[in-house]
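For the sequence shown, position 662 matches number 741 in this note's numbering, and the numbering has no gaps at all.
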Amino acid sequence: MSPPPRTTREARDTLFLLAVIGWTLLPHAAHVAVWCSVLAGVILVWRAWLAVGNRPLPGHWVRVGLLLLAGALTFWSERTLLGKEAGVTLLVVLMTLKTLELRARRDALVVFFLGFFVVLTNFLYSQSLLVAASMLLSVWGLLAALVLAHMPVGRPPLARAGALAARAALLGAPVMVALFLLFPRIGPLWGVPNDAAGRTGLSGTMRLGGVAEVANDDSIALRVRFDGAVPPPDAMYFRGPVLGRFDGLDWNRVPERFGAAGEPQLLGAPLRYEMTLEPSRLAMLPLLEITPARDGAAPRLEGWSPRLRADLQWQLDRPLTDRVRFSAAAWPAHRHGPRSAVPQLADWLGLPPGYNPRTLAWARALQARPELAGADARTLAAALLREVAGGGYGYTLEPGPYGRDAIDEFWLDRKLGFCEHFAAAFVVAMRAMGVPARIVTGYQGTDPAPVDGWWIVRQRNAHAWAEYWQPGVGWVRADPTAAVAPERVQRGSSLAPAPGFVAGTMVAVNPALAARLREAWETLNNRWNQAVLNYSRQRQFDLLRALGVESPDWQDLARALVLLAAAAAAAGAGWALWDRHRQDPWQRLQARVQRALAGRGIKVGPQHGPRARAERVRAALGAAGEPLAVELEALDRLRYGDGVAQPARRWWPGFAKALRQVGRP
80 MSPPPRTTRE ARDTLFLLAV IGWTLLPHAA HVAVWCSVLA GVILVWRAWL
130 AVGNRPLPGH WVRVGLLLLA GALTFWSERT LLGKEAGVTL LVVLMTLKTL
180 ELRARRDALV VFFLGFFVVL TNFLYSQSLL VAASMLLSVW GLLAALVLAH
230 MPVGRPPLAR AGALAARAAL LGAPVMVALF LLFPRIGPLW GVPNDAAGRT
280 GLSGTMRLGG VAEVANDDSI ALRVRFDGAV PPPDAMYFRG PVLGRFDGLD
330 WNRVPERFGA AGEPQLLGAP LRYEMTLEPS RLAMLPLLEI TPARDGAAPR
380 LEGWSPRLRA DLQWQLDRPL TDRVRFSAAA WPAHRHGPRS AVPQLADWLG
430 LPPGYNPRTL AWARALQARP ELAGADARTL AAALLREVAG GGYGYTLEPG
480 PYGRDAIDEF WLDRKLGFCE HFAAAFVVAM RAMGVPARIV TGYQGTDPAP
530 VDGWWIVRQR NAHAWAEYWQ PGVGWVRADP TAAVAPERVQ RGSSLAPAPG
580 FVAGTMVAVN PALAARLREA WETLNNRWNQ AVLNYSRQRQ FDLLRALGVE
630 SPDWQDLARA LVLLAAAAAA AGAGWALWDR HRQDPWQRLQ ARVQRALAGR
680 GIKVGPQHGP RARAERVRAA LGAAGEPLAV ELEALDRLRY GDGVAQPARR
730 WWPGFAKALR QVGRP
């Protein structure tokens, strides 16, 4: 059986470039329309088929037709030809269409630089560690293809081109690091990607079942690190949206009334902490309860204007679409809210007419019991919590759908629910008894152990609890979930969603290994976030202070960057001065052969190639010089056929033997 035919160099280089392009475009499949991914894949496969069979490329009008089709489909799917989504879609298609006219080096260069631009567009969607690593591989592949395009002679191995590309990238790495450290930041590095798009998370509204949907998401919501003692799990309440307006189906936030809360009373020592908050779709910060608006405690976010509302939730001036890192301080022991009745408390008493009549009647009957006659809010809340603890209620992530009178159905019939069911029923019952009450959503608890010094709060730690108003005290937290599932609050052990197929298999085979792999990945990802994505203008100034600049500003930053650029230019000039004395291995070998032939009386010049020198050897020595001429022709094949990097190692021993056979004149 004869061996398969060897792929031509042109086909091999084309297939390598197509593979790199496919790898670079792959992340865009999650963002562009399905037709765009399919069209790009078909074109790349078509171009590979043409390269393998050495078939002619399609004509001009075929490419024009595909371009017009792509433009029409882009307008159909995006409703515009402008903007990020439409621009990326067109770029993906143009990238693949350009491969259909890869005829000259100029066409290849256009494809290379389009490829580098596509690499940048991947960071418009995410700047995660995985995306950065995959795009680093794409850059290496594009550089290797660029090296191959500038090696027109012979068949240089892919390994050689890849090594040269890696070397070039490493030589440029110091410049890249210097620019990263000192180039002025107009905004945070991660400010472009819409990382929050399509991500589950807390919402400014709540419907029964909504928090359970969030709890099915195992992604990280925030990381927190404490300066000193770590609070117990039952003290880790991260306060988010406060909901009080109920229409029978949805809970919404009450319009803010300034001056209705008063200054909170802070008790005991503060907990100082540092938080890295992932992007969300809300203009709020879920901070540890409670983080007051005082110097040294309030969060300071560069580019945002956080503000503490009267209901003690931290409001931002726009949705949090960037990852942020800040320091703050919280007082778990505190009192807040008015001590005596004020008109604003009426905002937390309203119930929609005609909804949940059985629960309202049940609550009034509870209040009418002799032992509760004239009871205050704290006593009524305790009675409700006893009902939850001993009433046969179940805590589950999948309680199933509820109907119009969801509170009636949950409280009196099915008795199965997640945290928001218990919190909503508690608030409705308290309001039915004339006690102001509201729902607070946020996160409660963390992973059991810290990772790289940071405690991880996941979306599945999403939680809903209640607050009621007690005269003389203010707002008091009540968590009905703790009455039916105390481990949820006391140990912060949230219900975990079912793992996927791969993760589930790993957990089933080796739970310890799966846990270690997950911890290692989250440690690596956290370090990437802290060192790279959280590198801000303030940290640039901190770097200059560490270098001895007392009060750094933009001018100091610019001077440092200019000095580094000048040093890099001087180093480059020195390298070029040294490098000009080096010679290509082929040039050195050619000069060596020229000297050896001159010693045998054969005059050749630098302009004569190996084959021309072989002809001169035959003319000067006749049959006696045939072995020498054969070796020179072999050198010609090495030079123009295989393109080896170090020809002397393979060829010189045979040539030296032929020289000895000829002897000296």
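Positions of the beta carbon are idealized from the N, C-alpha and C atoms, including for glycine.
Contacting residues, own chain, Cβ-Cβ under 8 Å from residue i (five flanking each side not counted)
i: residue 97; result: 123, 126, 127, 130 and 178
i: residue 87; result: 133
i: residue 691; result: 683
Spatially closest choice to residue i from the options, by CA coordinates
i: residue 688; options: 710, 706, 701 and 702; result: 710
i: residue 301; options: 319, 307, 284 and 286; result: 319
i: residue 388; options: 497, 706, 672 and 372; result: 372
i: residue 407; options: 400, 377 and 418; result: 377
i: residue 457; options: 551, 404, 629 and 137; result: 551
i: residue 548; options: 440, 421 and 431; result: 421
i: residue 214; options: 105, 677 and 327; result: 105
i: residue 343; options: 383, 415 and 395; result: 415
i: residue 465; options: 565, 527 and 514; result: 565
i: residue 468; options: 562, 135 and 596; result: 562
i: residue 136; options: 181, 303, 143 and 356; result: 181
i: residue 417; options: 555, 121, 525 and 541; result: 555
i: residue 192; options: 317, 523, 219 and 383; result: 219
i: residue 503; options: 281, 200, 691 and 330; result: 330
i: residue 225; options: 248, 623, 370 and 201; result: 248
For residue i, the first and last residue of its enclosing beta strand (DSSP E)
i: residue 399; result: Neither: residue 399 is in no beta strand (DSSP E) and is coded neither H nor E.
i: residue 305; result: 299 to 305
i: residue 536; result: 534 to 537
Reduced DSSP category for residue i - H, G, I as helix; E, B as strand; rest coil
i: residue 546; result: strand
i: residue 719; result: helix
i: residue 133; result: coil
i: residue 320; result: strand
i: residue 484; result: coil
i: residue 632; result: coil
i: residue 220; result: helix
i: residue 360; result: coil
i: residue 251; result: helix
i: residue 113; result: helix
i: residue 272; result: Here residue 272 scores only 49 on pLDDT, less than 50, and its place in the model should not be relied on; the value that follows carries that caveat. Note: residue 272 maps to coil in three-state DSSP.
i: residue 355; result: strand
i: residue 285; result: strand
i: residue 333; result: coil
i: residue 154; result: helix
i: residue 202; result: coil
i: residue 267; result: The pLDDT assigned to residue 267 is 43, lower than 50, so where the model puts this residue is not dependable; a value taken from the coordinates is nonetheless given after this. Here residue 267 sits in coil by DSSP.
i: residue 530; result: strand
i: residue 244; result: helix
i: residue 446; result: helix
i: residue 734; result: helix
i: residue 207; result: coil
i: residue 739; result: helix
Extent of the continuous alpha helix (DSSP H) to which residue i belongs
i: residue 715; result: 705 to 716
i: residue 556; result: It is not in any alpha helix (DSSP H) - residue 556 instead sits in the beta strand (DSSP E) that spans 553 to 557.
i: residue 516; result: Not the alpha helix (DSSP H): residue 516 falls in the beta strand (DSSP E), residues 516 to 523.
i: residue 505; result: 498 to 511
i: residue 665; result: 664 to 677
i: residue 174; result: 163 to 177
i: residue 92; result: 88 to 104
i: residue 692; result: 689 to 700
i: residue 465; result: 456 to 469
Sequence-distant residues of its chain with Cβ nearer than 7 Å to residue i (five each side left out)
i: residue 350; result: 305, 310, 367, 408, 409 and 411
i: residue 669; result: 685
i: residue 484; result: 434 and 435
Whether residue i touches residue j by CB criterion (8 Å)
i: residue 322; j: residue 520; result: yes
i: residue 133; j: residue 90; result: yes
i: residue 361; j: residue 643; result: no
i: residue 170; j: residue 149; result: no
i: residue 384; j: residue 401; result: no
i: residue 606; j: residue 492; result: no
i: residue 451; j: residue 462; result: yes
i: residue 426; j: residue 333; result: yes
i: residue 545; j: residue 522; result: no
i: residue 356; j: residue 364; result: yes
i: residue 459; j: residue 478; result: no
Check: residue i C-beta below 7 Å from any heavy atom of the ligand PLP
i: residue 226; result: This structure does not include the ligand PLP; it has no bound ligands of any sort.
Proximal residues to residue i (C-beta, below 6 Å), its chain only, five neighbours per side dropped
i: residue 446; result: 512
i: residue 112; result: 156
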